[in-house]
Amino acid sequence: MAAVLTATALPRELTPAQRALRRLARRRGAMAGLGCVVFFVLLALFAPWVAPHDPLATSWSAVRQAPSAHYLFGTDEIGRDVLSRVIWGTRASLLAGLVSVCISLALGVPVGLAAGYLGGWVDALISRITDAMLACPFLILAIALAAFLGPSLTNAMIAIGISATPIFIRLTRAQVLAVKVEDYVEAARAVGNSHLRIALRHILPNVVAPLIVQATLAIAAAVIAEASLSFLGLGQQPPAPSWGSMLNTAKNYIDNAPWMSVWPGLSIFLLVLSFNLLGDGLRDAFDPRHK
Amino acid sequence: MFKFLLQRLATIVPTLFFVSILIFGLQQLLPGDPATALAGEDHDPSVIAYLRAKFHLDEPLYMRYFYWANGVLHGDLGESVRIQKPVVDLILEKLPVTVQLASMAIVIAIVFGVSAGIVSAVKKDTAWDYAANVFALWGLSTPNFWLGILLIMLFAVKLGWLPASGYVSPFEDLKANLAAMIMPAFVLGNAFAAVLMRHTRSAMLQVLSADYVRTARAKGLDERVVVLKHALRNALVPVITLGALAFGELLGGTVLTETVFSIPGFGKLIVDAVFNRDYSVVQGVVLFTATVYITLNLLADLAYFLVNPRMRG
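Those protein sequences? They're chains A and B, same order as listed. The numbering used here numbers the first residue of the first sequence as 148 and each following residue consecutively. The numbering used here numbers the first residue of the second sequence as 21 and each following residue consecutively.
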């Protein structure tokens with residue numbers, strides 16, 4: 148009997164998440180983005196082995212040398228290898244992107260969940276605070292926070308994370324409002340589940356998809372924001388390599404050492420583009436109606 | 021109309037209240053004694069004592085907030101420790117430069133972004149659509165300070181057509197002013213154009229499949245008239261609202277653009293203030309930008325209300 152059942156069983160049904168991943172895999176742009184992100188992650192992880200030179204080693208005999216076989220991307224104003232600094236700089240950018248978005252998620256999701264689920268005055272209060280934070284332009288708020296906290300990569304990540312939080316509060320709240328009236332939530336309530344259990348076990352898993360999409364796009368924004376803060380001198384402090392601070396120095400040598408600005412900028416562009424492509428692909432995959 | 025305006029204004033008051041708390045709260049992030057920090061590099065005990073008295077630092081937090089907010093409501097955003105000038109004066113001094121830069125950027129963004137959005141929606145799934153989407157992705161992914169550096173490299177260093185940086189007042193020499201502002205305006209408008217393109221595209225796609233557009237086509241109207249007169253007018257309504265929301269990013273972008281091109285505007289003011297540890301200026305600029313942003317969004321909502329008869333009920 149068991150053998151008959153196995154032989155005639157229908158192909159296993161795919162879960163919605165599996166279907167979404169299949170749709171994602173068919174999108175060439177998203178896959179290219181994913182490939183590029185993986186490449187940068189590997190570069191960051193294996194920087195000590197991949198970088199041809201010490202990113203901090205200066206050489207007065209090799210100041211502002213054009214790209215050559217020895218220095219593929221050229222050297223900077225104090226003779227450091229630009230390629231090695233770009234490779235090591237990947238760490239600061241990726242770290243800033245991931246950590247700040249984790250901060251935003253850790254703050255934004257619970258608060259948004261509380262606002263959407265509890266409603267009433269809690270919702271009204273949280274919504275007004277969110278409006279107030281959204282009224283301060285993202286980068287200006289991040290600059291102000293970083294200025295008051297003091298310039299460092301850690302503080303830049305905190306500043307970016309806090310500045311990006313209201314978007315996650317608003318998104319989670321809107322999703323929760325849509326989900327909490329669903330029948331399965333009513334059913335969970337009817338069988339006597341606690342509020343906390345309903346919020347965490349029945350509502351949260353159903354609002355994860357748009358959060359993943361937003362988080363991916365937020366990483367792109369955070370990478371640009373970290374580069375911007377470092378460019379202004381509020382992020383990674385010299386001599387530690389970061390793409391933004393490399394560009395800050397490079398802008399003083401535009402006319403006689405253009406390679407100093409080309410490579411770090413191109414790296415920011417590629418990494419941000421990859422996260423944007425991946426985010427767009429995820430959005431289309433999770434919500435096929437959106438096109 | 022009046023009721024709508026009142027309702028909308030009623031939501032602004034608490035928002036502004038929380039904005040003020042947020043900005044006042046920034047001060048509390050300063051490590052150590054606020055008076056010493058506010059004095060910046062000036063370690064003169066008399067200055068520190070003066071600041072302590074001025075900001076009522078010996079009083080409880082809520083009283084300090086009260087004094088500060090009271091000042092703000094009377095147009096007093098504090099004084100720059102560095103330049104010894106009221107923050108309001110500094111902001112008003114730098115504002116015209118940034119307004120010119122932002123306006124030029126908005127015009128550039130509308131011209132490129134909205135047209136690319138229309139073309140991409142009308143020619144959906146063609147090479148045009150593909151190209152417009154690539155343009156939007158480029159705009160969203162390019163850090164504007166890098167784009168600024170690349171443009172300086174090309175147009176100032178290599179071709180010598182435009183000045184690399186600096187600013188000339190339009191009242192002194194309009195031509196020199198435009199030559200100095202065109203590159204920064206393009207850099208600033210780039211990302212905004214991308215946002216507008218995406219919004220225009222999706223709004224146009226929605227409108228183009230609407231019944232009244234089908235009717236207009238069935239009447240035998242020229243496709244150009246259908247797209248520009250019937251579809252675009254309605255599609256622009258959400259674009260205005262969403263564009264106003266994205267305006268904050270444009271304001272943020274001025275900080276970087278003005279730094280790259282050494283333009284003495286509002287953005288440069290906040291950066292210089294950060295490095296001079298001139299915290300009242302930083303707070304003033306943030307408060308001012310937030311107020312501008314809230315006002316613009318209110319105006320966008322009003323515009324939405326005015327152009328959309330269904331809203332008027």
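All residues carry an ideal CB built from backbone N, CA and C; glycine is no exception.
- Residue 223 of chain A carries a coil assignment under DSSP once its states are collapsed to helix, strand and coil.
- Here the segment 93 to 109 of chain B lies against the segment 287 to 303 of chain B, with 3 or more beta-carbon pairs under 8 Å apart.
- Distance between residue 69 of chain B and residue 48 of chain B, taken at the CA atoms: about 18 Å.
- By the beta-carbon neighbour count (other beta carbons within 10 angstroms, threshold 16), residue 82 of chain B is exposed.
- Put simply, of A:350, A:165, A:298, A:168 the residue whose alpha carbon is nearest the alpha carbon of residue 322 of chain A is A:350.
- A straight line joining the alpha-carbon of residue 274 of chain B with that of residue 334 of chain A spans about 52 Å.
- The beta carbon of residue 249 of chain A sits closer than 8 Å to those of 308, all from its chain and outside the five residues before and after it, given in chain order.
- Between residue 225 of chain B and residue 114 of chain B, the gap from beta carbon to beta carbon reaches 8 Å or more.
- At least one CB atom of chain A sits nearer than 8 Å to the CB of residue 310 of chain B.
- Take the alpha-carbon of residue 239 of chain A and the one of residue 187 of chain A: they are about 11 Å apart.
- From the beta-carbon of residue 150 of chain B, no residue of chain A is found nearer than 7 Å; the closest lies around 10 Å away.
- Listed by position along chain B, the residues whose Cβ is nearer than 9 Å to that of residue 412 of chain A are 162, 163, 165, 166, 167, 169, 170.
- Taking all protein chains shown into account, residue 165 of chain A has fewer than 16 neighbouring C-beta atoms within 10 Å of its C-beta and is therefore exposed.
- In summary, residue 193 of chain B is exposed, with fewer than 16 beta-carbon neighbours lying within 10 Å of its beta-carbon over all protein chains present.
- In this structure, the alpha-carbon of residue 219 of chain B lies about 21 Å from that of residue 243 of chain B.
- Burial state of residue 278 of chain B is buried, judged by a 10 Å Cβ sphere holding 16 or more other Cβ atoms.
- With a threshold of 16 other beta carbon atoms within 10 Å, residue 162 of chain B meets it and is buried.
- Taking the beta carbon of residue 419 of chain A as reference, the chain B residues within 7 Å of it are 161, listed in sequence order.
- Listed along chain B, the residues sitting closer than 9 Å to residue 283 of chain A by beta-carbon distance are 39, 42, 43, 268, 306, 307, 309, 310, 313.
- Using a Cβ-Cβ distance cut-off of 8 Å, the segment 146 to 163 of chain B and the segment 413 to 424 of chain A are in contact, since at least three pairs of beta carbons, one from each stretch, lie closer than that value.
- Contact check between the segment 28 to 40 of chain B and the segment 292 to 301 of chain B: fewer than three CB pairs, one atom from each, fall below 8 Å, which does not count as touching.
- Interface residue (Cβ-Cβ distance to chain B less than 8 Å): residue 297 of chain A is classified as such.
- Pairing residue 194 of chain A with residue 179 of chain A, the inter-Cα distance amounts to about 22 Å.
- Where residue 254 of chain B is concerned, the enclosing alpha helix (DSSP H) starts and stops at 252 to 280.
- For residue 229 of chain B, there is no enclosing alpha helix (DSSP H), as DSSP gives it neither H nor E.
- Using a CB distance cut-off of 8 Å, residue 173 of chain B counts as an interface residue toward chain A.
- For residue 162 of chain A, the number of other beta carbons within 10 angstroms of its own is below 16, and it is reported as exposed.
- Residue range 229 to 265 is occupied by the alpha helix (DSSP H) that includes residue 244 of chain A.
- Beta-bridge pairing by DSSP links residue 106 of chain B to B:99.
- Around the beta-carbon of residue 218 of chain A, 16 or more other beta-carbon atoms lie within 10 Å, marking it buried.
- Taken in chain order, the members of the segment 378 to 389 of chain A whose beta-carbon sits within less than 8 Å of a beta-carbon on chain B are 378, 379, 380, 381.
- Counting the other CB atoms within 10 Å of its CB gives residue 112 of chain B a total below 16, which places it among the exposed residues.
- Assignment of residue 342 of chain A by DSSP, reduced to helix, strand and coil, places it in the helix class.
- Non-local beta-carbon contacts of residue 376 of chain A in its own chain, meaning distances under 6 Å to residues more than five positions away in sequence, involve 293, 303, 382 in chain order.
- Proximity of residue 309 of chain A to chain B, defined by a Cβ-Cβ separation below 8 Å, is not satisfied.
- In this model, residue 265 of chain B and residue 313 of chain A are separated by some 14 Å (Cα to Cα).
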